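J.: Just passing along the structure, written as structure tokens.
In structure tokens form, the structure reads like this:
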């Protein structure tokens, strides 16, 4: 229910309650007796209390909603490194010699790497016959993950596994950042070794790119699936099914020649920890992290006024019996007390100096004006002492009796 409707209902309820109360008293007391039995008062305090209550409810309701203001955005600074991930998306990555297949297993490893390196700038390359940067180096790992989720072998315009083009593209991309130490993680089933790959490995090593190669597949291999063929398997020119086997020698050479690390998917090795150990040894640099929106809360500016208004409503709606009289008595006490104190001092000085008649008269007046029995008894004792010293025993007895 909207807040305005609540306030309207509270106001209507207050009006109806006031009228119902008047009607009940009217039916209970005869009109001729009302003036003598009831003291009519102003309705202003009741309406004031109602208005204060409505204002308090408004302030507290808005405060509970926790209003906020936009204070702009702030870009976090963090220390990180550049890590490029290159994934083989050729048709051979659909071989199911590891479950569910090579491509799915490689994607799982990439997801683990993204979680293990939250502060690193990560980019993504997909390659088959050619290589493309599908996600530039970024701290936004969510964007990289979305790309990895969607990519498959249909994204590759050309078949094959051109590792040389992947290494070349990754090296050029990492070198353009201006950082001397970078990492390249390659997930592939490998390919035949050729001279172009040797040149790219040498260029990567000279550019300070350390390669972590992860071989995906088994040496026994499996048939390459292809829905374009009648039996669902790719065949060569002679009509025999094509069997793809992982080329561990090629993948191992990529790592060893660039001072990186080599691993086989599914071997039980903690691949994310292996990659992190390589990345950790590289020099970190300051990079722009995630941009966070800054908001300012304003509820405290309404909470205190709401509490004060609620207290004001309670005070305005309460009949404080005897408050006025108590205030007058307190004010009179503070106003009169200094005068009584000075008169008491003069009476005491007169008694000490032997001016007994003056002291007796002063103590008598003070006793008559005393506000309580204890003070009055003290002044009567002074009056009796002055009368006794003055030789008036009757007045002394009367004063002493008044002190008891």
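Residue numbers (our numbering): 67 to 470. Where is the CB? At the ideal position from N, CA and C, for every residue including glycine. Quantities reported herein were computed from a predicted structural model and do not represent experimental measurements.
(1) Roughly how many angstroms lie between the CA atoms of residue 301 and residue 190, to the nearest whole one?
(2) Locate the beta strand (DSSP E) running through residue 148, then write down its first and last residues.
(3) What residue range does the alpha helix (DSSP H) around residue 248 cover?
(4) Between the region 243 to 263 and the region 303 to 319, can you find at least three pairs of beta-carbon atoms closer than 8 Å?
(5) To the nearest angstrom, report how far apart residue 263 and residue 229 are at their CA atoms.
(6) With 16 as the cutoff for other CB atoms within 10 Å, does residue 109 come out buried or exposed?
(7) For residue 416, count the other beta carbons within 10 Å of its own beta carbon; 16 or more makes it buried, fewer makes it exposed. Which is it?
(8) How about residue 453 and residue 461: are their beta carbons less than 7 Å apart?
(9) How many angstroms separate the CA atom of residue 78 from the CA atom of residue 124?
(10) Quick one: what does DSSP say residue 30 is sitting in, helix, strand or coil?
(11) Am I right that residue 135 and residue 361 are in contact with their C-beta atoms under 8 Å? What's the rounded C-beta distance?
(12) Determine, using beta-carbon pairs with one atom in the region 266 to 277 and one in the region 155 to 175, whether at least three such pairs fall under 8 Å.
(13) With a CB to CB cut of under 7 Å and the five nearest residues on each side skipped, what residues in its chain are close to residue 449?
(14) Going by DSSP, which residues form a beta bridge with residue 143?
(15) Report the CB separation of residue 379 from residue 118 in whole angstroms; it is logged as a contact under 8 Å.
(16) Looking only at its own chain, which residues have a Cβ that is under 6 Å from the Cβ of residue 442, when we skip the five neighbours before and after it?
(17) Would you tell me roughly how many angstroms separate the C-alpha atoms of residue 326 and residue 278, rounded to the nearest one?
(18) Tell me whether residue 235 sits in a helix, a strand or coil according to DSSP, three-state version.
(19) Just the Cα atoms here: how many angstroms apart are residue 307 and residue 328?
(20) Straight-line CA distance for residue 358 to residue 204?
(21) In the DSSP output, which residue or residues are listed as bridge partners for residue 281?
(22) What are the boundary residues of the beta strand (DSSP E) that residue 200 is part of?
(23) Beta carbon of residue 383, beta carbon of residue 115: below 7 Å?
(24) How many Å lie between residue 467 and residue 451 at the Cα?
(25) What residue from 281, 321, 221, 375 has the CA that sits closest to residue 330's CA?
(26) I need the boundaries of the alpha helix (DSSP H) containing residue 187, first residue and last residue.
(27) Do the region 229 to 242 and the region 141 to 152 make contact, defined as three or more Cβ pairs closer than 8 Å?
(28) Based on Cα-Cα distance, which residue from 240, 166, 163, 195 lies nearest to residue 187?
(29) Comparing C-alpha positions only, which one of 463, 160, 354 sits nearest to residue 140?
(30) What does the alpha-carbon distance come out to for the pair residue 128 and residue 368?
(31) Compute the Euclidean distance between the alpha carbons of residue 457 and residue 440, then round it to the nearest angstrom.
(32) Would you list the one or two residues that DSSP bridges to residue 307?
(33) Which of helix, strand or coil does DSSP assign to residue 458?
(34) In whole angstroms, what separates the C-alpha of residue 157 from that of residue 291?
(35) Using the C-alpha atoms, what's the distance from residue 160 back to residue 288?
(36) What do you reckon, are the CB atoms on residue 249 and residue 222 nearer than 7 Å?
T.: Considering the structure as presented:
(1) 31 Å
(2) 148 to 154
(3) Residue 248 -> not in any alpha helix (DSSP H); beta strand (DSSP E) instead, spanning 248 to 254.
(4) yes
(5) 7 Å
(6) exposed
(7) buried
(8) yes
(9) 16 Å
(10) The chain is shown from 67 up to 470; residue 30 falls before or after that span and cannot be answered.
(11) 7 Å
(12) no
(13) 426, 429, 430, 433, 465
(14) 354
(15) 4 Å
(16) 433, 436
(17) 5 Å
(18) helix
(19) 30 Å
(20) 16 Å
(21) 254, 330
(22) 197 to 204
(23) yes
(24) 12 Å
(25) 281
(26) Per DSSP, residue 187 belongs to no alpha helix (DSSP H); it is in the beta strand (DSSP E), 187 to 193.
(27) yes
(28) 240
(29) 354
(30) 7 Å
(31) 26 Å
(32) 301
(33) coil
(34) 7 Å
(35) 10 Å
(36) no
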